[in-house]
Each structure stands twice: as structure tokens, then as C-alpha cells.
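This report refers to the structure that appears directly beneath it.
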Amino acid sequence: MSLTIVGATLLPLTTLGASTTLPERFSGAQCGENVDTWIRPYGIHGEGFSVPAAQRNETLFKYPTSTIGRWLLLEFGESSAKVSLVSPETILVAQWDDKCVLSEASELPPFTTKDGSFTDQHLSALLETAGTGVIYTWSPHMNFSVKGIPEIFEVCSSLEVTCQVLLDPNADSKLAKMVGEKEGISADILRQPASVELLFRDLYNHSPSLLLFQDGKLRGPVVPGYRSKETQMNTIRSRLNLN
Numbered sequence: 535m536s537l538t539i540v541g542a543t544l545l546p547l548t549t550l551g552a553s554t555t556l557p558e559r560f561s562g563a564q565c566g567e568n569v570d571t572w573i574r575p576y577g578i579h580g581e582g583f584s585v586p587a588a589q590r591n592e593t594l595f596k597y598p599t600s601t602i603g604r605w606l607l608l609e610f611g612e613s614s615a616k617v618s619l620v621s622p623e624t625i626l627v628a629q630w631d632d633k634c635v636l637s638e639a640s641e642l643p644p645f646t647t648k649d650g651s652f653t654d655q656h657l658s659a660l661l662e663t664a665g666t667g668v669i670y671t672w673s674p675h676m677n678f679s680v681k682g683i684p685e686i687f688e689v690c691s692s693l694e695v696t697c698q699v700l701l702d703p704n705a706d707s708k709l710a711k712m713v714g715e716k717e718g719i720s721a722d723i724l725r726q727p728a729s730v731e732l733l734f735r736d737l738y739n740h741s742p743s744l745l746l747f748q749d750g751k752l753r754g755p756v757v758p759g760y761r762s763k764e765t766q767m768n769t770i771r772s773r774l775n776l777n
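If you want the numbering used here, it's the position in the sequence shown, counting the first as 1, plus 534.
So this is what it looks like as C-alpha cells:
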């Protein structure tokens, strides 16, 4: 599977408690025991998400691991199995044939990190230190996402939570700078993410989108689309159980 997105002292990437067992949905799958052994060092933490597979008879799921910025893609066919461990540094690929013979390879990471990018280490540091807050993505190509920038800052200020605004990694950064200057918005909003974690949590699928965090953990799912200040405030309060 190809993943392509054009795109301070940091804390170590956050490690979470994990279940290392192959999910029950793959019970009896081709080479399941081999896959289970391979993924154990990384661990699965949390629910899996179905991903469209290339072939009709294949099953493909993505799972968070015990470390922020590292995800597992599990793919099972009728006579084969494949695991991809996606991280900021590389993509490790393990494949088993119809006799469950293993072959391994590595591929380029999903991002080319630019200076100033918001990486998985920055995300980890944010989760460790910021307490409760929101991550908001915008694009100069989506007018309502621009309109929502000062509004989300107001909402976060009212709720006394952290607000991290990021520019869509697929957006034209020069146009974004022009739009920001025209709207009188701080240049801080021009920072683009290069985060595997945010990619796999679907934050880049649409702008604007909102992802919440609390107590060192991301609280999904992503909330896509523009909403009024009142609706945003109610959504954040409800999701995070704020008074």
C-alpha cells in the first residue's frame, strides 16, 4: 500500500498500554499465528478500522500500536498475509506466501518532513504537556475552514483548553500565507503536519476537521466540516465531558 502526502527539545514518543494479541476477527486467517508473532513486539492498542482493499477477496485493517506515530496495516488474502508497520522513519513490510514463508522489505516513509513540520514527536509532546485541547486543520482552498480559525480560537479560550491549528498538508502554503495575511491571522497557523498518527486518524481527509485530546490521549473520531461557534463548543464539551 502506497502512502503519499506532499507535504525545541522534544519528548520521546508517547508509549501506551497495549494488547499484543492478533484481533479475534482474524481467527483462522491465513498464517495468523505467524502474523501474531511478528506484531507482538509492537502491540495493538485500540480499535481497528477497515480500509478499502485492492482485491475483492482481501481484508485490510489499520490498527494503532502502543506508540504514537506507529500504525499496523493487517492484510489477509485467501492464500497470503501481509503486515505493514508504518512509522515516521520507514515502512516495514512483512509478507507470508501460501506456505507461510516470510519475506521482509522496507519502503520509504509516508512523509518528507520539511523544516517547521508538526511531526509525531511534536504531537507526542503536545499530548504530554497540554492537558486538554483540540487540533484544527484548515485549508486556504476551503473558505469555511478559514472562517472557522478565529472562531475555534474563541471557543478554546472560552473553554480554557489548548488550541493547535495546522494547515492541511496538501494545501498551497503560499496561498495559505496570503490568506492568513489578508484575514489578519497569526502566522502560527501556517504550520503543516507530517504526522503518521494524524494521517491514520483521518485528520487530513477534509478541512476543516477537529480532533480532540485529553489526559495524554487522542479522543476520536475526527469531527469533519464547519460548525458554528455554539455547535463547536457543545461538541467539544460533550466529547470531553467539560462543564
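A virtual CB, placed ideally from N, CA and C, is assigned to each residue, including glycine.
Using beta-carbon positions only, say whether residue i and residue j come within less than 7 Å of one another.
i, j, result
"Ala-705", "Ser-673", "yes"
"Thr-628", "Trp-572", "In the sequence on display, residue 628 carries Ala and not Thr. Closer than 7 Å, so yes."
"Glu-731", "Asp-654", "yes"
"Ile-602", "Ser-658", "yes"
"Pro-703", "Pro-684", "no"
Along the chain, where does the beta strand (DSSP E) that runs through residue i open and close?
i, result
"Ile-625", "625–630"
"Pro-598", "593–598"
"Val-699", "696–701"
"Arg-753", "751–758"
"Ala-710", "Run containing Ala-710: none in the beta strand (DSSP E); it sits in the alpha helix (DSSP H), 707–717."
"Gln-748", "743–748"
"Ser-637", "636–641"
Would you kindly work out how many angstroms separate the C-alpha atoms of residue i and residue j, rounded to a whole number?
i, j, result
"Val-635", "His-656", "38 Å"
"Leu-608", "Gln-564", "12 Å"
"Pro-758", "Ile-770", "13 Å"
"Gly-551", "Gly-682", "Reliability fails at Gly-551, whose pLDDT of 45 lies under 50, so the model's placement of it is uncertain and the value that follows must be treated cautiously. Those two C-alpha atoms are separated by around 35 Å."
"Gln-698", "Pro-598", "22 Å"
"Arg-725", "Ser-651", "6 Å"
"His-740", "Arg-773", "20 Å"
"Lys-763", "Val-689", "6 Å"
"Ile-660", "Leu-776", "According to the sequence displayed, residue 660 carries Leu and not Ile. Their backbone Cα atoms lie some 19 Å apart in a straight line."
"Thr-538", "Ser-729", "Residue confidence is low: Thr-538 scores 32 on pLDDT, short of 50, so the model does not pin down where it sits. Its coordinate-derived value is still stated next. Rounded to whole angstroms, Thr-538 to Ser-729 spans 12 Å at the Cα level."
"Glu-662", "Gly-750", "5 Å"
"Asn-677", "Leu-693", "25 Å"
"Leu-700", "Leu-744", "10 Å"
"Gln-766", "Lys-633", "53 Å"
"Tyr-760", "Thr-671", "11 Å"
"Glu-641", "Leu-626", "6 Å"
"Thr-543", "Ala-721", "Bear in mind that a pLDDT of 33 at Thr-543, under 50, signals an unreliable position, so the number given afterwards is only what the model happens to contain. Roughly 21 Å separates the two Cα atoms."
"Arg-574", "Ser-600", "11 Å"
"Pro-524", "Val-620", "With the chain represented from 535 up to 777, any question about residue 524 goes unanswered, as that position is not in the structure."
Tell me where the alpha helix (DSSP H) around residue i begins and ends.
i, result
"Phe-734", "730–734"
"Gly-682", "677–693"
"Val-620", "First-last for Val-620: 615–620, but that is the beta strand (DSSP E), not the alpha helix (DSSP H)."
"Gly-562", "From DSSP, Gly-562 is part of no alpha helix (DSSP H); its letter is neither H nor E."
"Leu-606", "Careful: Leu-606 lies outside any alpha helix (DSSP H), inside the beta strand (DSSP E) at 605–610."
"Thr-671", "Segment 667–672 is the beta strand (DSSP E) holding Thr-671; no alpha helix (DSSP H) there."
"Ala-659", "654–663"
"Gln-766", "763–774"
Report, in whole angstroms, the separation of the C-beta atoms of residue i and residue j, which I expect to be a contact under 8 Å.
i, j, result
"Pro-622", "Phe-595", "With a Cβ gap of about 21 Å, Pro-622 and Phe-595 do not count as contacting."
"Arg-735", "Leu-746", "With a Cβ gap of about 11 Å, Arg-735 and Leu-746 do not count as contacting."
"Val-713", "Gly-667", "Actually they do not touch by this definition, with Cβ atoms about 24 Å apart."
"Thr-593", "Asp-570", "The pair is not a contact, with the Cβ atoms about 15 Å apart (cut-off 8 Å)."
"Leu-737", "Ile-669", "7 Å"
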